[in-house]
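Here the structure comes first, spelled out in structure tokens, and everything after it is commentary.
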Amino acid sequence: MSTPLAAQARHTPEEIARILGRPAPTAEQSRIISADLAPRLVVAGAGSGKTATMVDRVVWLVVNGFARPEEILGVTFTTKAAAELRQRMVSRLATLAEHGLRPPGEDPQAPELDPTVSTYHSYAKALVSEYGLRIGVERDAAQLGAAQSHQLAAQLVAHWEGSLPEQVPAASTLVTAVLQLSGECAEHLVDPADVAATCETELARLRVLPNDHPKQLKKAEAARNAAVTKLEQKLLVARLAVRYQRLKQTMQVMDFGDLLLDAARLAREVPAVAREQRELYKVVLLDEFQDTSHAQMVLFSTLFGDGHSVMAVGDPKQSIYGFRGASEGQLFDFPAYFPAEDAAPSYLTAAWRNGTRILDAANAVAAPLGRPAPWAPGERRFPVPDLVPRPEPTPGQVLTGTWISEEEEAADLVRGIRERAEQARAEGREPATAAVLCRARAQLETVRAECERQGVPAEVLGLGGLLQTPEVVDMVATLRVLSDPSRADALMRLLAGARWRLGARDLMALNDWARFLARRRRRAVEHGIAEDLTTPEGHVPGEEGLRAGRGEAPDPEQAEAQAREAVQELLRTGGGDETDGASLIEGIETLPGPAWTSATGRALSPEARQRLERCARELEELRGYLGEDLTTLLHHIERLSLLDIELASHPGRSAHEARMHLDAFHQAAAQYCATAPRMAATLDAGTHPELFAPAGADSDAAEQATPQEHRYTVTSSAAGVTAFLAWLETAAREESGLPLPAGPAVPGAVQLLTVHGSKGLEWDEVHLFGMAEGIFPTDQREHWLNSLGALPWPLRGDRGHLPQWDTDQTGTTGLQESWTAFLEDNDERVVAEERRLAYVAITRARELVSIGSSRWTGTRAKPRVPSRFLADLPEESVRIVHEAAPLEAGEQNPQRSSVLVALWPFDPLTQPAVTRWEDLETLDGLTGTAQADAALDPGPVRSRRAEVERAAALVRQRIAQRTGGPAADAAARAGEAPGESTPETLAWEEETELLLALRRTRARAAQRTEIPRHVSASLVVGLAEDPEAVLRAVRRPMPRRPSAQARAGTRFHEWLEHRYGAPAMLDLGERLADPEEETPQELSTLQEKFLASRWADRQPWAVELPLETSLGGITVRGRIDAVFRTPDPAPGEPEWELVDWKTGRVPTGRELADRSVQLAVYRLAFARLRDLDPATVRASFHYIAQNREITPEHLPGEEELSALLARLGHAPR
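Here the sequence shown is numbered in the numbering used here, starting from 82 and rising by one per residue.
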């Protein structure tokens, strides 16, 4: 028997902790830190210090000489977690080296290497990139995003010519199902063809199964038929998934699932991969193992099984990502996949985060998870102990309550947070950090609105929805109108929005005019009439015109009824079918004469007429830019629609914050343009119809196959407006409307997020909102038969941990019984998953957790009861803070009868005045005047209209005084009485608004510009080179066309990524390369030059190191390409060297001095990070093509850099 590793160690974990100045590890931690180099599973409870223990194990192994840093591989799920884990490892190893604690026999002059820490996805991607050619996967295979995958699958569904089930799901449903099934097949290493075969086998069995139910023949037959229908639909999805897989291979593209599938294939089919990876990594650490999929289990067990040193750390109670492919049960399979002599797991049970009452609550909720699953009584599961309190723990608080409505629950929840924060400030303490967690994202809005009402700062985390923000909606609506004149709905958005603000009466009149134009054109086509049919007076001949000509007034009641119907139709469809041909666009481009009235007596007001004329001129000008590239067109839309001015006028927000969403949309458009050319051939079905035809299909039929009609079709350029709009529609469905940019952190803000999004986070206070039955736990009972895209559970790699439906029966009686048993087992599975989610939520809290529920939610007719998980809480640990009154007989949800009323259109300088009525009868009982009076009451909302108009009048007056002429009198009149508007003044005001926008010229470069709180290091360089250009860019950002020369630079960064094992990143100010520009020769030259440099044989201490530092109150961010360290430098040589790789030409003179500002920022930031004197840090440019290293003798210091930033204006307050 070999000597345990701990007995061979020169330094114990306790000794190392003492040298590092850290607390001594617990006995549990110490045993894990000093464990032998053999497979080991560590079950680490929530907040038990698993990350610290993994880092300490790495340090212990390295210091004692059992493994070198570069022989250690750590893998986790998120980039953030990987960066943190690596940084902690490197930092502690560096600290020990400073104390003279080095591995035995290490050469102090040898380059210092670091552990490799990666995400599961990045590791798989690196394997496929390095070895993929051995299984036929090209290195440059394009990675599909969610929206691109959806577009590809949508084309596939549109071209399907195979058999169809009797009940065919909607095309959009099929597309989503194909992608889901394809992904799940990859997660479980299943060929989609096997899914199709399974469905066919089950269908054959069920179709011939005799109906032997003695009493309920019809019911049994209906149940069997329902199962057949579901299987027929799943068979169609499986066949489409087979085609989708073949199409991706043909087009040499891959999605996320393909990476896992190909990585697992490499591990199983190419023995050299496992051999080389074992030689490369002596020790492997797998973090968050409970969230891994079956494919990831197979990948790592194939590479590092059979006795290799693999330590997997996880907690089965925190397995909450089953919907992403994670398998809760497979953590218990670790000993089978990674066999070892000692297969018993190790445990971390001390909770360093939670108070004792919170621990008691969490343990009580999770207790049923320890029981064997009824569908797998023989399942091998080792015990998972409860969390235990840390030494000298705090008691903590657990509060519960029930309320009548969600609004009442939210009001009390937010009031409690606010009052505790106020008390803490009064006592001179920092307020507690707080979060509100919800089971469903839809619940967050109620809490957010209440936070706003009570003045409590709050931020919603993890939201998508960029495409739903008002400014982006306006941009997209304008694109739609330019691209497709029939999109009256998009034009309606613009006309009724803040820019044009047409009211209902004018919109209905415009709709009448558009309908008339449509009828006129139809009659002209039918009868060959070409002349203008309007009369000189502006009246319309025909039915309406003749009646008006005879002097017949429209019937008032009929007109009112028509008006009500028209406005509803108009708001719903944007114009109705009759106007689809001509559209409202034609209506505003050919407005009727001033005397025109419709048959219902409606006419355009003078103000509406002028606004429509201006709108038509804007659209006409924008059409002239359709030939420009997409990003340029978007900036013209922003300029002409005055969106930038509207955003800059938002009160209480900096200019940068106000246009944050718009800038994110511009960035998304730029990224789309960069990837669109590669996808063009893939998505252009008209050019490649044979790709969508089934294997062996008749070639003529394939050539004749045409896609179903879509609103948008992908063009050959794939970068046109219509293609971009198609991509946006897909992103809205598949990517939650694109992610919202992260706003600046709000100090002391309450964070609002879902429970799934809270994993890995912690707060002083955690509030679980709306924890009622049907919500948490959910009443959704999903399984593989009722989820169209789900992989059949008998085919899953973790099928032993899932309930199964036994279809091998002699008749429908047995089938019905097995189906009932399956549903009951599935109910328990879903509740267990929800129980784990509740455990995660409760363990996020340090000192206080509150759990609330409401009787009435939304407009639901049935009352809800508190979650069953509340009954699990120990009474002695819980304090009830509120109890709802008992449910009365006949009590109904008050929200079902209440009515919200708001005026529209509303003044964009105020908020809409909204009033709530108890019921419709109360509202209908009021007179029209009383309704208007009530609705007009703005409550606490203060209008900015008067203030803005006074300020605008002063500006106009000053401009008029400078320019002179007749405008001076008009300005004076505007300053005296800004209320009344004539057609003349309206036109003049619009002209003035445009003039104000255009007066942003270089003459204003000296003004004090409001700048973002965060800037890039490249912006500071720009201030040194051309401060006026930077000022213009800050005031009005414009797109920069990608540089052709940047392509080689981008490829060079990617090459260094693989060489150093770190993600390649461009600096914040660098331009993206032009994807159409291929530069293999340039890249090869750059590689050769680099390998000839002195850096080629050195291992960097850090690669792509992100840094930020404060200069003059502004945070400057950047990313250092490489940091090198010489532990024992020679006299006069620095210990630390920062290098910025450059692939362009070498600058000289003043240009070089300006560029050196970037090095100065990096040097200062790094010195502050490591607590060093900046003078002791060397910073250099290395120009690869010339193999020339430039180290400036003088770099600006903090004062000089702050002075540069001062050129922008004042720092934000």
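Glycine included, every Cβ here is placed at the ideal spot set by N, Cα and C.
None of these values were measured; they are calculated from a predicted model.
Contact belief for residue i with residue j at Cβ below 8 Å, rounded distance in angstroms
i	j	result
Leu525	Val541	6 Å
Val318	Leu876	Contact flag wrong, Cβ pair sits at about 14 Å.
Glu1189	Ala1246	7 Å
Gln399	Gln371	6 Å
Arg471	Ala431	5 Å
Ala853	Ser730	The Cβ separation is near 42 Å, so there is no contact.
Trp581	Cys696	6 Å
Gly851	Glu487	6 Å
Ala750	Leu819	In fact, because the Cβ distance is near 10 Å, the residues do not count as touching under 8 Å.
Ala516	Gln832	4 Å
Tyr920	Val446	5 Å
Ile718	Leu728	With 8 Å as the limit, Ile718 and Leu728 do not qualify as a contact, their Cβ atoms being about 13 Å apart.
Leu225	Leu328	Actually they do not touch by this definition, with Cβ atoms about 11 Å apart.
Thr894	His389	Actually they do not touch by this definition, with Cβ atoms about 52 Å apart.
Strand pairing of residue i, partner residues [DSSP]
i	result
His963	Gly482
Tyr428	Val124
Thr527	For Thr527, which the question treats as bridged, DSSP gives no partner whatsoever.
Ala515	Glu846
Ile856	Thr859
Met392	Arg121, Leu366
Thr835	Cys519
Leu981	Arg997
Ala585	Paired residues: none, contrary to the question.
Leu1186	Ile1201
Check whether residue i and residue j have beta carbons under 8 Å apart
i	j	result
Leu1300	Arg936	The requested residue 1300 is not part of the displayed model; the chain covers only 82 to 1294.
Ala148	Val364	yes
Asp368	Val136	no
Val469	Val124	no
Pro1210	Arg1200	no
Glu915	Thr859	yes
Leu869	Thr254	yes
Phe912	Ile923	Per the sequence presented here, residue 912 reads as Val, with Phe not at that position. Against a cut-off of 8 Å, the Cβ pair of Ile923 and Val912 comes out as no contact.
Arg529	Ala521	no
Glu928	Gly436	yes
Tyr201	Thr383	no
Ala308	Leu287	yes
Ala491	Glu531	yes
Leu166	Thr132	yes
Leu572	Leu665	yes
Thr1257	Glu1216	yes
Minimum Cβ-Cβ distance from residue i to chain D less than 8 Å
i	result
Ser203	Protein chains in the displayed structure number just one, and chain D is not present.
Among the options, the one whose alpha carbon lies nearest that of residue i
i	options	result
Arg462	Thr475, Ala417, Ser730, Met589	Ala417
Leu866	Leu262, Ala585, Arg1244	Leu262
Thr331	Thr197, Trp900, Ala223	Ala223
Asp710	Ala804, Arg169, Ile97	Ala804
Ala239	Ala521, Leu321, Ala983, Glu211	Leu321
Ala585	Glu1280, Ala680, Trp985	Trp985
Tyr212	Glu1232, Leu883, Ala344	Ala344
Leu743	Val554, Val479, Asn592, Leu560	Val554
Asp115	Thr483, Arg103, Ala98, Ser129	The amino acid occupying residue 115 in the given sequence is Ser; Asp does not appear at that position. Residue Ala98 is the option with its Cα nearest to Ser115.
Pro1255	Tyr1264, His1263, Leu1240	Leu1240
Val1184	Pro1215, Arg1259, Gly1194, Trp1222	Trp1222
Ala353	Val1220, Leu707, Phe857, Ile216	Ile216
Val980	Thr940, Pro947, Ala952	Thr940
Asp725	Val256, His747, Lys840	His747
3-residue-minimum beta strand (DSSP E) runs that sit fully inside the segment 1199-1278, ordered along the chain: 1217-1223, 1258-1264, 1269-1271
At 4 residues or longer, what runs of the alpha helix (DSSP H) sit wholly inside the segment 95-182? 108-114, 131-144, 160-179
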